[in-house]
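When we follow the working numbering, the leftmost residue of the sequence shown carries the number 4, and every step to the right adds one.
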Amino acid sequence: MPRNRPPYPPELREQLIALVKAGRSPEELSRDYEPTAQTIRNWIAADAAEDDPDQLGRAERDELAQLRRENKILREEREILRKAAAWFAAETDATPRRRSRS
């Protein structure tokens with residue numbers, strides 16, 4: 004069972020990213036500091052994604068996922084309304100009644 008621990012301070016994260024950019028390996032840093040080598044690699048990938056304008060950041064990915072969910076719901080609602088309108092049109096008398104002019 005994984006332990007829940009408080010997040011690492013942003014200063015530590017930035018310091019370790021800078022050390023990797025300076026040439027030290029994540030494995031070496033994980034021996035000297037507490038975060039695992041994989042955690043440090045994840046931080047480096049996230050930092051690179053933030054620097055690359057073609058990559059979506061975490062906030063953009065979350066927003067995109069939310070918008071796709073909303074879009075799916077709206078499409079389903081539109082389909083339901085389309086079927087309901089067709090059903091009501093079939094149930095009603097489509098020909099208008101003529102009024103007498105007398």
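Virtual Cβ for every residue (Gly too), placed ideally from N, Cα, C.
From GLU37, ARG64, LEU67, LYS75, residue whose alpha carbon lies closest to that of ARG8: GLU37
Test item: CB-CB of SER33 and ALA40 under 7 Å: yes
Assigned exposure category for LEU84 - 16 Cβ within 10 Å defines buried: exposed
Straight-line gap, ARG81 to GLU66 (C-alpha atoms, nearest Å): 22 Å
Start-to-end residues for the alpha helix (DSSP H) that takes in ARG71: 61 to 94
Helix, strand or coil at SER33 according to DSSP, with G and I counted as helix: helix
Local Cβ density within 10 Å of LEU19, reported as buried at 16 or more and exposed below that: buried
Rounded C-alpha distance that separates ARG64 from GLU73: 14 Å
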